[in-house]
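The block underneath contains the structure these notes are about, expressed in structure tokens.
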Amino acid sequence: MKKLTAAFLLRALLLFAAACGLGTVPPVDDPNKDDPVPDDPAIQTVYEEYSMSPDYEAIDTDGYVTYYFDPENGDDDNAGTEESAPKQTLAELNRLLNRVDEDTPTQFLLKGGATFTGTLSVQFAEATKEKPLLIGSYGEGRAIIDGDGEANGVIISVGNLRVSGLEVTNPEGLVGIYVYAIHAGALSDLVIRDCYVHDVNWNWTEERTPEQIAAADAVGSLDVNGVCPNDRFVYERGGIIFNTHQDLDIGPSWYENIWVEDNHVQHVSRSGMFFTSMWISSPETSWGVNKFVSFENGWYPSRNVVIRDNFVEYTGGDNIVLLGSVDSYIEGNTGYHSNFLGRTGYANAGIWPISVRNCVIQFNEAAYSHLENGAADGEGFDLDIGCKNVLFQYNYSHDNDGGGLLVCNAASEIYVLDENGNYTFENGQPVKRIVDGDWTDVTVRNNLFVNNGQTADNPAFMVASSSCKNMYVYNNIIVMRSDIQSQYLLTSGNFASTAELPSGFVFRNNIIYCPQQSYTRIMLENMRDYTFENNLFYNISSEVVQLAGDGAAVTDIDPQISVPAERDGYDKVTAYVPQNAAVFSGGTQLENMLKYDLAGNDAEGVFYYGAFCKKPEQA
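Numbering follows my numbering, with no gaps: position 493 of the sequence shown is 574.
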């Protein structure tokens, strides 16, 4: 796993602040467990600048029954409760797993370094939140689960479970670790940590490794169908996947209190980590099968999902996607080489949420998203359809073909329901209507965007499209490529002809910098309402400043930012601290300025340009 040293330091500072009562995220009260979102459509949590992901409780295994498994030296006739006399097979493990009850706290330990063939299935076990079921490895290294062409390497359909320290591979199968809710209600209190998931739905036949292909910049020469057949290239295939049943007779399912952390996922297609449900259709998006698509009737997003400190690389499509969630965190993750297969007609990016409320995205690094073979998007980050009250801060986006950040919305087709929540019909067909996604109140602050955009038409900073409203872009640093002439800084458009144009965008205290004088472009004609105020532009075309209408722009201060040749790793963010002290004053005072800068320096009372408030020697 990558160690994100700088991120850890800053996060430690913020955690300390929160512990001292300086700011926390208040939980949203859930008055009705059968309907995870209250009736009030204005439900919101106001995130403070110290907002950090919550943690789960440590477990004392005293009183647990422990079973040991060794595929080489075990025997299923053994009791298995002593390391010296383990059981042997996954079949026996699955049998015991699905007989666990709440009265007997149990952990199952698999021999580290040994390979178990088939599917590890946890579908009917019963445990408690205080004494969850535990599955892990013993001895040296991780136990290996080889799905051997079965659909899933690991399948989980219960909560109150912690899985850690496993290696999962399944080249001919579909999914590495598949969490699939089969019962109505919440699947809650699940931890998946420190697992290595690789080569899933990924039949690599090239003589060169993916790493060698990427280094040679030859992704476009791949036989992508040979790596992953087109009919298997779907979102719900890949490394760690969350989904639910869609049986109307059973009733809606969702997730609560989920932690996916410290995992390494590589060489999977399509998705590295994908969190979805068939019950999350809301008034803003048609994704899912839920017919109750009004706030009055309820929708069923996941709640309190924490995706943190994972390393995801070389995914056929997206690295990390969170869909349909309330009060969640995407924090401290590293995502490299998304969209690696570059399949024509498919749109994929690095790290992104869709249809979320109250989501914090922070301390993440996204790099090397691809655009080969006619693929679309290719940005490091994406804030997609129906994002509301999202805080995007302390992130590092670099060397992405499609650009640094995509913000987009779209119109969705939803069913028109009667007062009882039943479909309405016309000429024997369910009636549908078009709605714009409710994408609003998004803050992007104290982030770093470097060397993004494959061509002049791929923006160094952002693509904005389709009825995104009220976005606040403060104190970011955008370092443009010096080897591309006439590159766009920002583009705007309308992906969905039925949607409105982006509006209510505010840009303040940002540094837009090119190491060399260049002709820069900006596309604002498709943005309906925007404000640029008090931004620092250097080596940027005067036409850009004029089109932005920034009457308080600063253009004569060279921030003196160096771009290192080696940009990988979150700890590299401090290499971009401006050396010109003039940028550490003169910024516009904002009510919601952060009290710590991107390097973790105390920034209270300092009104600065960009993401850093002082030089290293001043820190």
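Note that the Cβ used here is the ideal one computed from N, Cα and C, for glycine as well.
Computed from a predicted structure; not experimentally measured.
Once you ignore the five residues that flank residue i on each side, which residues in its own chain have a CB closer than 7 Å to its CB?
i	result
residue 159	166, 167, 168
residue 603	569, 570, 571, 625, 628, 629
residue 645	653, 656
residue 301	423, 453, 454
residue 338	269, 270, 385
Out of the options, point me to the one whose CA is closest to residue i's CA.
i	options	result
residue 679	691, 453, 157	691
residue 567	587, 552, 538, 470	538
residue 347	563, 251, 324	251
residue 532	593, 555, 258	593
residue 431	183, 654, 411	411
residue 457	525, 174, 481	481
residue 460	417, 441, 498, 471	417
residue 392	695, 649, 590, 667	649
residue 229	257, 550, 315, 221	257
residue 643	617, 672, 292, 659	659
residue 468	413, 433, 450	433
residue 563	330, 551, 335, 596	596
residue 201	449, 219, 674, 173	173
residue 239	285, 521, 335, 196	335
residue 214	222, 223, 203, 521	203
residue 223	151, 262, 356, 212	151
Going by DSSP in three states, residue i sits in which element: helix, strand or coil?
i	result
residue 176	helix
residue 627	helix
residue 482	coil
residue 398	coil
residue 166	strand
residue 108	Annotation note: pLDDT 30 at residue 108 (below 50); position unreliable, no value reported.
residue 158	coil
residue 136	coil
residue 210	coil
residue 619	strand
residue 353	strand
residue 454	helix
residue 664	helix
residue 256	strand
residue 652	helix
residue 511	strand
residue 657	helix
residue 344	coil
residue 434	strand
residue 671	coil
residue 404	strand
residue 171	helix
residue 102	The predicted position of residue 102 is uncertain, since its pLDDT is 31 and thus under 50; no value can be drawn from it.
Between residue i and the rest of its own chain, which residues show a CB-CB distance below 6 Å, the 5 nearest in sequence each way excluded?
i	result
residue 149	161, 164, 167, 190
residue 156	169
residue 484	460, 533, 534, 539, 540, 544
residue 333	360, 381
residue 505	497, 499, 512
residue 565	537
residue 259	233, 236, 322
residue 344	276, 391
residue 633	614, 615
residue 688	668, 670
residue 663	638
residue 245	217, 274, 275
residue 443	412, 474, 475
Which whole-angstrom value is the C-beta distance of residue i and residue j, which I expect to be below 8 Å?
i	j	result
residue 657	residue 529	6 Å
residue 243	residue 282	Contact doesn't hold; Cβ gap of about 26 Å is too wide.
residue 446	residue 477	5 Å
residue 225	residue 253	Wrong, their Cβ atoms sit about 16 Å apart, outside the cutoff.
residue 571	residue 543	5 Å
residue 389	residue 134	6 Å
residue 206	residue 233	About 16 Å separates the two Cβ atoms, so there is no contact after all.
residue 586	residue 561	In fact, because the Cβ distance is near 19 Å, the residues do not count as touching under 8 Å.
residue 137	residue 188	Rounded, the Cβ-Cβ distance is 16 Å, inconsistent with contact.
residue 340	residue 387	5 Å
residue 554	residue 588	5 Å
residue 436	residue 398	Wrong, their Cβ atoms sit about 18 Å apart, outside the cutoff.
residue 395	residue 324	Rounded, the Cβ-Cβ distance is 23 Å, inconsistent with contact.
With a cut-off of 8 Å, does the C-beta of residue i fall near any C-beta of chain B?
i	result
residue 432	Any reference to chain B falls outside this structure, which holds one protein chain only.
Which residues in the same chain as residue i place their Cβ atom closer than 8 Å to its Cβ, once the five residues preceding and following it in sequence are excluded?
i	result
residue 598	620
residue 641	659, 660, 661
Can you list the beta strand (DSSP E) stretches of 3 or more residues lying completely in the region 573-615, in chain order?
584-589, 592-594, 610-614
Unbroken stretches of the beta strand (DSSP E), 3 residues or longer, contained in the region 261-335
266-274, 277-281, 319-325
Report the residue ranges of all beta strand (DSSP E) runs contained in full by the region 526-566; include only those spanning at least 3 residues, in chain order.
529-531, 543-546, 550-555, 558-560
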